[in-house]
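Step one of this worksheet: look at the structure below.
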Amino acid sequence: MASRGSMQFQERFDRAFAPIEQSVSAARIPGGVLGMVDLDGIRQVRAVGSAQKVPDIRPMLVNTWFDLASLTKVIFTTPRILALAEAGTIDLDSPLIELLPDLRQYSAEAWERKVTFRQCLGHQTPFPAVEPIYTYGRDPDLLRTFILQREWRAGPPVYSDINFILLGFVLERLNRKTIRAMDPGPGFAFSAPPELAAATEDCTWRHRVLSGEVHDDNCSALQGAGHAGLFGTVDSILDFAKGLLDGSGASAQSIALMRTPLSATRTHGWERPHDGWHGGTLCSPGTIGHTGFTGVALWVDFDQGRAWTLLTNRIHPTRHFDSGILALRQSVSDLVNAA
Numbered sequence: 001m002a003s004r005g006s007m008q009f010q011e012r013f014d015r016a017f018a019p020i021e022q023s024v025s026a027a028r029i030p031g032g033v034l035g036m037v038d039l040d041g042i043r044q045v046r047a048v049g050s051a052q053k054v055p056d057i058r059p060m061l062v063n064t065w066f067d068l069a070s071l072t073k074v075i076f077t078t079p080r081i082l083a084l085a086e087a088g089t090i091d092l093d094s095p096l097i098e099l100l101p102d103l104r105q106y107s108a109e110a111w112e113r114k115v116t117f118r119q120c121l122g123h124q125t126p127f128p129a130v131e132p133i134y135t136y137g138r139d140p141d142l143l144r145t146f147i148l149q150r151e152w153r154a155g156p157p158v159y160s161d162i163n164f165i166l167l168g169f170v171l172e173r174l175n176r177k178t179i180r181a182m183d184p185g186p187g188f189a190f191s192a193p194p195e196l197a198a199a200t201e202d203c204t205w206r207h208r209v210l211s212g213e214v215h216d217d218n219c220s221a222l223q224g225a226g227h228a229g230l231f232g233t234v235d236s237i238l239d240f241a242k243g244l245l246d247g248s249g250a251s252a253q254s255i256a257l258m259r260t261p262l263s264a265t266r267t268h269g270w271e272r273p274h275d276g277w278h279g280g281t282l283c284s285p286g287t288i289g290h291t292g293f294t295g296v297a298l299w300v301d302f303d304q305g306r307a308w309t310l311l312t313n314r315i316h317p318t319r320h321f322d323s324g325i326l327a328l329r330q331s332v333s334d335l336v337n338a339a
């Protein structure tokens with residue numbers, strides 16, 4: 001006989017899955033997968049809709065691989081940077097030039113040379129929110145040099161991929177290999193079999209529907225980067241989240257930093273609850289989360305001992321469509337957390 005806790009877990013999951021079904025039925029998203037896990041290891045996953053609709057139709061399955069986009073920042077890059085800090089290899093409050101001495105090397109007083117590891121983790125730098133790096137060429141080594149030597153336009157602190165592209169460069173320098181040559185972590189990869197992946201966009205400059213190859217334009221041109229490029233399934237993401245909940249997936253010091261605020265909206269690498277965030281209004285203050293442009297998201301609520309991930313292919317076949325993803329994420333999260 002199922003325990004009361006497992007029955008309540010199932011009820012939460014069932015009601016949270018309903019908006020995803022409705023979104024698929026309304027043709028707002030092609031398909032989606034919901035996953036939920038708690039500290040005791042109770043887990044539920046379910047899929048609905050299509051993994052691909054153009055040019056072929058494939059069903060969404062619970063083992064479908066997803067382009068995790070900016071979840072790469074929190075699943076791959078952040079834990080590795082925090083581990084380096086714990087090992088004493090880097091000081092989070094030191095400037096990046098300690099490991100990237102060639103950053104704006106021709107201008108000793110450039111503001112870019114003062115940016116620290118911690119500022120990059122919390123998106124507290126003057127880098128611009130968006131930059132079409134991929135339009136400057138396809139040579140990944142030349143693009144890396146371009147990013148390091150460019151005189152960036154400075155502005156108020158905003159969420160910027162440049163922060164994590166630079167942190168990715170740090171990992172590459174220390175490991176003496178490109179990110180795509182590194183171990184992506186258990187259950188993750190930097191590409192996926194096209195027939196097993198959720199399709200993303202019909203790309204205007206790659207001239208094909210993308211499936212199993214990274215959607216992010218800059219990551220594609222760089223052939224791997226610290227801000228995007230990771231692939232995973234719902235179970236690999238839940239395994240990662242469970243490791244944070246029970247402390248088996250990272251050190252206590254690293255997890256504490258992931259939960260430590262750096263601003264009203266950010267911690268070290270992650271988002272924290274604030275008005276209008278994608279995690280809804282009912283999660284506890286002890287929640288961290290992150291989203292990805294392709295339509296993916298993950299939240300970990302340490303106070304309640306649960307984590308949930310919503311994976312969609314909302315940009316298939318185009319990003320230029322109102323999928324209603326913000327409202328969907330908020331609805332799903334609130335139903336996960338409602339009493």
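Take the sequence shown: its position 69, counting from 1, is numbered 69 in full-length UniProt numbering, and each next residue is one higher. We treat Cβ as the ideally placed atom computed from N, Cα and C, and that holds for glycine. In this text the structure is predicted, and so the values were computed from the model without any measurement.
Tell me the rounded alpha-carbon separation between residue i and residue j.
| i | j | result |
| --- | --- | --- |
| V234 | F188 | 10 Å |
| R204 | V62 | In the sequence on display, residue 204 carries Thr and not Arg. One C-alpha to the other measures close to 29 Å. |
| D216 | G229 | 7 Å |
| I90 | R4 | 47 Å |
| D14 | S23 | 15 Å |
| G259 | L245 | Checking the displayed sequence, the identity of residue 259 turns out to be Arg instead of Gly. Going from the Cα of R259 to the Cα of L245 covers about 12 Å. |
| F169 | A129 | 18 Å |
| G49 | G224 | 30 Å |
| A18 | Q330 | 13 Å |
| E11 | M36 | 12 Å |
| P79 | S323 | 31 Å |
| E98 | E131 | 25 Å |
| L282 | Y136 | 43 Å |
| L311 | L174 | 32 Å |
| V115 | I133 | 20 Å |
| N337 | L39 | 15 Å |
| A250 | K242 | 11 Å |
In the structure shown, what three-state DSSP assignment does residue i receive?
| i | result |
| --- | --- |
| W111 | helix |
| C283 | coil |
| Q44 | strand |
| Q149 | helix |
| D161 | helix |
| E131 | coil |
| E271 | strand |
| residue 360 | Outside the shown range of the chain (1 to 339) lies residue 360, about which nothing can therefore be said. |
| M1 | Because the pLDDT of M1 is 46, which lies under 50, any placement of that residue in the model is unreliable, and the number read from its coordinates should be weighed accordingly. Coil, per DSSP. |
| T116 | strand |
| I29 | coil |
| I288 | strand |
| S50 | strand |
| D67 | strand |
| T72 | helix |
| D14 | helix |
| F188 | strand |
| V336 | helix |
| L103 | coil |
| P95 | strand |
| M60 | coil |
| V170 | helix |
| L328 | helix |
| D246 | helix |
| L39 | coil |
| L257 | helix |
Below 8 Å on the Cβ atoms is my guess for residue i versus residue j; work out the distance and round it to an integer in Å.
| i | j | result |
| --- | --- | --- |
| E86 | S254 | 6 Å |
| Q52 | R58 | 4 Å |
| L68 | F231 | 6 Å |
| A27 | V332 | Actually they do not touch by this definition, with Cβ atoms about 18 Å apart. |
| I165 | H227 | 5 Å |
| P113 | P95 | Sequence inspection shows Arg at residue 113; the Pro mentioned does not correspond to that position. Yes, R113 and P95 are in contact; Cβ-Cβ is about 6 Å, under 8 Å. |
| A252 | W65 | Rounded, the Cβ-Cβ distance is 31 Å, inconsistent with contact. |
| R118 | D93 | 6 Å |
Taking buried to mean at least 16 other C-beta atoms within 10 Å of its own C-beta, is residue i buried or exposed?
| i | result |
| --- | --- |
| L167 | buried |
| F190 | buried |
| residue 353 | With the chain running from 1 to 339 in the structure shown, residue 353 is simply not present. |
| Q8 | exposed |
| G41 | exposed |
| residue 340 | What is shown of the chain runs 1 to 339, which leaves residue 340 out entirely. |
| M1 | Model confidence at M1 stands at a pLDDT of 46, short of 50, so the residue's coordinates are unreliable and nothing is read from them. |
| P30 | buried |
| P317 | buried |
| L326 | exposed |
| A256 | exposed |
| residue 347 | The displayed coordinates of the chain run from 1 to 339. Any statement about residue 347 would go beyond what the structure contains. |
| T291 | buried |
| G280 | buried |
| G276 | exposed |
| A192 | buried |
| S263 | exposed |
| R266 | buried |
| F321 | exposed |
Is residue i a contact residue of the ligand ADP, with contact defined as CB to any heavy atom under 6 Å?
| i | result |
| --- | --- |
| H207 | As far as ligands go, the structure on display features none, and thus does not contain the ligand ADP. |
Review point. For the region 217-227 against the region 148-164, are there 3 or more C-beta pairs whose distance is under 8 Å?
Key: Result yes; three or more Cβ-Cβ pairs closer than 8 Å.
**Study point:** Stretch-stretch touch, CB-based, cutoff 8 Å, three pairs: the region 134-143 with the region 100-110
**Key:** Fewer than three pairs of CB atoms, one per stretch, sit closer than 8 Å, so the region 134-143 makes no contact with the region 100-110.
Practice item. Decide if the region 288-305 is in contact with the region 64-84; the criterion is three or more beta carbon pairs, one per stretch, under 8 Å apart. Key: The region 288-305 makes contact with the region 64-84, as at least three CB pairs between them are under 8 Å.
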